[in-house]
Each structure stands twice: as structure tokens, then as C-alpha cells.
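What follows is one structure encoded as C-alpha cells, with my remarks underneath.
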């Protein structure tokens, strides 16, 4: 047997590290596996001497570790298996059943009764089922003397059912639930709770006749990537996990299969995009607790006794780097009689824990209107907590005005209540462990008033008809359009500080921020410049076409997606335009494969615009793209004058702007003659299966470069700009020229002066700082005695 080198870390050696990471979970020890990565974990108790063993899925096989003394784990043996970073283990009686996705041993079986001796009986099971020989398996579960093998290479990769009661080392094939892929599942009393990960749902399947399973019901899980399921002790609640970024532990009432509904969902480390993996339900003092492995967040313990109010009461972070993705804690096993919990961290080894199961403190009730007494939906109710470890301390009232929040520690807390259109309020509550405090809160509506004004053409001063108006902040928004005279009126406004935006196709949107509006503010008067501009705050009539079956262009606030913790889609629009909207190819899900372009091409085309009045029109836009490496997928950006089309960009994997916004500009006359029937187009094509292919477009505008004379200027002095682009500051230096009195002026893309620097006769360089500048393209001119001697372009990152 190859000697396994490992290291034991006691609680005392890492106490300082773990102190800030855990709540109600004490680290007893950690066992390192060196360069071997770990996967899932299980446990076994020897009925002869009550010794407790962790069964660890290691990269090179099944690692069996004696954890009877939690402070001193001892590896007994590593049973060899195919080298794999994917191994799952379950036990039936005194036998361990091990799966791996590495070909080709099928199901590995190890008899454990001879422990702590190392001469263990080992065999494999590779039956021929239908036309396929069982070679590899994703996951498994065991119940009532049967094993259920999920995601194998057999058939449609559903669930294989085999009996192991008669001969545990030689399973007997009974049948399959095999309509589609099953990733993982839980079984109780011959009923499978199957995780159909790619369909985003759990199927409840009666498998009492394994040869002919019957689907009883299905239900979608919170983020539609159903990985793992487990039942409450009373079998009335099914707990689920979704294995994608920003996912939840969900709870569903399945007591009536004709009316399954979600009771609650909980998320550890909200806002971190962390991924939950596996959950298990254990009873402690007749209370259900959900013990979960949560990848980069380690393990969590949730008081699940009130399924409509899940509260995190314990956690330990096994993975210290501040990143997310498929790293960290793969599995956890909480079922040892001693109460010991073991967890397998892919990178950091085996963790042995001593948990303290505490009851949650609950606050539940209703929020009502202080004037009418009617319940208010959509109220945010939050316990004021510093550095919250989960989202259980906050809730939003339902249509009956009901809320339910909780916290792990008994104490006195401030409750903050807020909703758009209502005066925020606070109250103080005393919460106790295991006690539900019922409280009714009252919120009063803000005073409303009518607000209006006029939108006009800056050149003619005539009102603009059908201009769009939006007044908004982070929680409120009012939208309307102007009448034939450019006038508008918004009823039911309430006082605040807002963005006020006005725009129309053929005009440049205006959106000043920090506008204080009260009942005594008077009317708004806002002028717009003519121009071709769209930041997609409104729908100005861009059209979507093509034959793609998924990931079709849509306008909205970009939702970020991730692959292995790395960003794929930006999670925001371009920061220096109006609003938070952009056009993106599909805007659903949180992983790179969610709603990406599939099955063809999706095309985004602008409304027609007239450039006959422009002398040197330049098209500006910001875009991003994501193309899988070595794929034949394409992103093409083009412009048309009604009779011919010219390509501006054909993007590849190596093109700039991958997964981040990149400003671009092109002088249109370099590609085709400008006309009155111009259109702009961006098309994204999926030409290969199983590839990520997406794109985005924002901050589109056409400018006449003659207005600032940058492109055609014959520079009279040499100028060096470094760095360019820049993020903090840049130097603009006049090179090889006598000391003169120069001035530097910076313009935005609309030709508006942004800043001016005067330099006298001391030196020939200017220092431009980032402060006050948004990301994007700017133009500069250098003047001497009122004459332009140089001009150029500067990019701010």
C-alpha cells in the first residue's frame, strides 16, 4: 500500500483563524491530504465497538479515517480507485458503496466489518443494463436495502435501482427511473425525490415497483438548478439545493402533492454569489436542523423547525480565500451518534467539528397601513445586524402583509421597516431562543402631490411631443410621455431627491441627478439637443430578429452570470449613461450556461436614423461579448445605409471586451456613404453546441466629429499621453518644443467642456486626474494663444 502523507491540525493550532469564521461550531481537528483533492463524504459506525469512521472521497480512492477521538483523526487506509476529483459514498449496513465519474469500474463496494484492520474486501459491480454496461456514476443514495445510482452512463442517465439485502457485494438490478438525467436525489419509503438539475425541478417518484416507477408530482426549485434533496423528519417538507451562483436552501411543503408550495428559502453570505451544494436534515432534541455544505462558505446549520421561517444558527468557513465558485466544502456528514460533524473541503482536507445546536429566535407578524389598517405587501422588514451571516434576518411582506424573520443569538434588536411611498420606521424587540415573538407594525404613507413641466427642443425652444419622462431613485419610478405641446403631468408624486430623465429618438437623453422635488418645487423645464442617442433607459424601437432558440436579445438591467466563480456577464450597464438598462443576449439565470445564445442567431437592429446633416459622423457604443475558446460562434457588428452594409467588428475569443464593457467608435464614412436610412446591427450566432456565447450593447450614439475637430486636425506640436487609457491619472506632455504658455481643455463625446488646465511657462506637461470623470472616451485640445495646436483622444477606464 502506498503510504499516505497527511498532517493533523488541532483546534489550538488554528484557533485564531477559526474564531472569526464560526458560530456554534467548534473545530476539533483538520486532516490535510496534501495535493489530493477531496469530494463527498459519508460516515460509518462499527456496531461491534461503536468506533466512528469518516468515509472520505479522496482523489485516489476511498479514505477511511477513525474520528472516534475528534481531536486526533487517524487515516486507516485509502482504498484505491480511479484517480478522480469526483467521488460519492453511501453505506448500507456494514458496506460502503462508492461512485465516481471516472471510467470504468461502475460501482465500487467495500466491506467495512474488518476495520480497523486494513485487509478489507473490495469488489465492483458493472452490470449490463439494456444496451449499456455500467461504467461510471455521478451520485447515489441508499434506503431500505436498496441503492439508487444517479447520472450514470446508462440509458438517459436517470436513476438505477438495485437491491443489496441478499448479497451486499453483488447488487441485484431491479429497474430504473430513466426518462431524463437525474443529478442526485433522496429516497424514503420507495419514493425518490429526484434532482433534475438541467430542468430546474424536483420530481417525486413512486418507485415501489422499480420496473415501472410513476411520477407523482414535480416542482421548480428557487434558482432552477436542482442538485440535492432531503426530507424533514415528518416527511412533509422537502428541502432542496440549487448548485449555481447566488443559490438558496429551499423548503417546500409536499404534504399535498396536488398543491406543493415553497415555504421559505435561505441564503448564507447574501450578495457573495456563493453556491450551496448538499443539505442533510438531522434531528436534535426533536428539532429539525438542515446541515449543508456551501462550497466557499464552508458548512451551515439552519434551524428548520419552522419551515416558513428558516434561520441560520451555526456555520464554519472551511475555505478562507475571498472568492466564490466551485471551491471549498464539497460535502458534510452530521449523523454520528456522538454528534460529531465531518466535512470534506476540496482544497483544505477533512474537517472534524463539534456543533452546538441552538434554537433560533423568531419575530413574525404583519405590517399594516397606519391610516386604513389594511395589510401592506412589499414592506422590507429587517433586524438591524452588523455583518449578517445569512438572509434570515430580513423578509418582505407578502400580499397579506405577513413577515417572518429570525436570528441565532437572543438579544434586543432594532427592527427597520421600509417601503417605497411610506415613511420608514424602526422599533425595538427582545428576542429569545425557541420563542416566536408576534408583532404588528404600522407604516404611514407619504404625502403625495402632482408634478409636471415641459420638455422642449434646445434649438427651436418648441415643445417636444411624445418625449419620454422618467423620474426615479433606487426604490421609486414614475414614467409618462409629453403631450403635443411637450407638457407632462405626474400625479401621486412624493417628495424626494431623484434622477429626472427626458428623451426621444432623434434627441440626446438628458438625465440630471440629485433633483430635489417637493410639493412646492414648481414645474420642470428641460431642453433636449437633437442627436442620435440611446442608453436604453426606454424602448425607442430597436427590433429583435433571428432564429435562435435561446439567449434572445432583450432590454433590461444586466444580471451577472458566473463560471467557476469568474464573471461572464457584467452585472451592470455602462456606468456613465442614464439609468441601468442595456441590451443583452438573454438575461436570466446566474451561471454562464443560463439563457446564453442557442440554436442559431439573434439580431438586434436600431431604428432608422438620418445622417445627411452630419459632416463627419462617428458611431460610438459600448459592447461586451463572451465566446467559448475554440468555438466557431460569432459576434458581428455592422452598419447599413439602406442599400449596402459594412461590417465594423467581427469578434473572436481573443477580441477585447470579453465579459466587460468596452467603448468603441468608428468613423462611418470610412465604411460607407452616410444616408437618411441608416441602421446599426449587432448579431450573435451560436454555431457550436455546448458553448457559451453572449453579448451586450449599451450607450449608443452618433456624433459629428467636426464639432470638436479632433480627427482631422493637423497637429502643430507633438504630444505624448501616458498612460492611455488610464484609471487614476495621466500625463499629457508637449514633446520637443520650446516652453510656451499652453492650455489643455478636455471635452466629453458631446463636445461639452469637462475641465481646463492652464500651465504657464514653467513646463510643457499637464497632469489629468481621474476624480470627477466617468469611464469612457474623451477628447482634448491644446491651445497656444487661443489657437489649437494639438488634439487627441483619451480613454478613462
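Numbering (our numbering), first residue to last: 1 to 797.
We treat Cβ as the ideally placed atom computed from N, Cα and C, and that holds for glycine.
Note that the structure is predicted; figures quoted are calculated from it, not measured.
- Here the alpha carbon of residue 448 sits roughly 8 Å from the alpha carbon of residue 519.
- In the displayed model, residue 83 falls within coil according to three-state DSSP, outside both helix and strand.
- Considering only 224, 211, 230, 222, the residue with the shortest C-alpha distance to residue 204 is 230.
- Within the same chain, 497 come within 7 Å of residue 514 by CB-CB distance, once the 5 residues on both sides are set aside.
- Where residue 766 is concerned, the enclosing beta strand (DSSP E) starts and stops at 765-769.
- The residue among 273, 291, 365 with its C-alpha nearest the C-alpha of residue 281 is 291.
- The beta carbons of residue 381 and residue 394 sit closer together than 8 Å.
- Taking the CA atoms as reference points, residue 560 sits about 18 Å from residue 576.
- The region 397-417 and the region 323-342 do not touch, with fewer than three beta-carbon pairs separated by less than 8 Å.
- Residue pairing for residue 665: DSSP places it in a beta bridge opposite 620.
- About 19 Å separates the beta carbon of residue 174 from that of residue 216, a gap too long to meet the 8 Å contact definition.
- Cα atoms of residue 169 and residue 134: separation of roughly 16 Å, rounded to the nearest angstrom.
- With fewer than 16 other CB atoms across the displayed protein chains lying within 10 angstroms of its CB, residue 667 is exposed.
- Taking a 10 Å sphere around the C-beta of residue 152, we find 16 or more other C-beta atoms and assign the residue as buried.
- Going by DSSP, residue 140 is part of the beta strand (DSSP E) stretching over 139-143.
- Taking 8 Å as the cut-off, the Cβ atoms of residue 622 and residue 661 count as close.
- If only complete runs of 3 or more residues are kept, the region 83-141 shows the beta strand (DSSP E) at 87-92, 95-100, 107-111, 122-125, in order along the chain.
- Within the model, the alpha-carbon separation for residue 154 versus residue 127 is close to 10 Å.
- With contacts defined by Cβ atoms closer than 8 Å, residue 453 and residue 526 form a contacting pair.
- One Cα belongs to residue 26, the other to residue 314, and the distance between them is close to 10 Å.
- Collapsing the DSSP output to three states places residue 398 in coil.
- Under the three-pair Cβ rule at 8 Å, the region 765-777 counts as touching the region 720-729.
- DSSP, read as helix, strand or coil, puts residue 411 in strand.
- The three-state secondary structure of residue 198, taken from DSSP, is helix.
- Look at the region 451-530 and you find these whole runs of beta strand (DSSP E), each 3 residues long or longer: 468-472, 477-481, 487-494, 496-503, 515-517, 524-528.
- For the pair residue 289 and residue 299, the CB atoms are not nearer than the 8 Å cut-off.
- Where residue 437 is concerned, the enclosing beta strand (DSSP E) starts and stops at 436-443.
- DSSP places residue 670 in the helix class (H, G or I) of the three-state scheme.
- One thing to note: residue 624 has its Cβ within 8 Å of the Cβ of residue 659.
- For residue 285, the three-state secondary structure derived from DSSP is coil.
- The shortest CA-to-CA distance from residue 265 to any of 638, 333, 405, 161 is the one to 405.
- Residue 109 sits close to residue 124, with the two beta carbons spaced by under 8 Å.
- From the listed residues 259, 189, 210, the smallest Cα separation to residue 220 is found for 259.
- Pairing residue 603 with residue 545 gives a Cβ-Cβ distance under 8 Å.
- With contacts defined as CB atoms closer than 8 Å, residue 35 and residue 60 fail to qualify as a contacting pair.
- Taking C-beta atoms as the reference points, residue 55 and residue 41 count as a pair closer than 8 Å.
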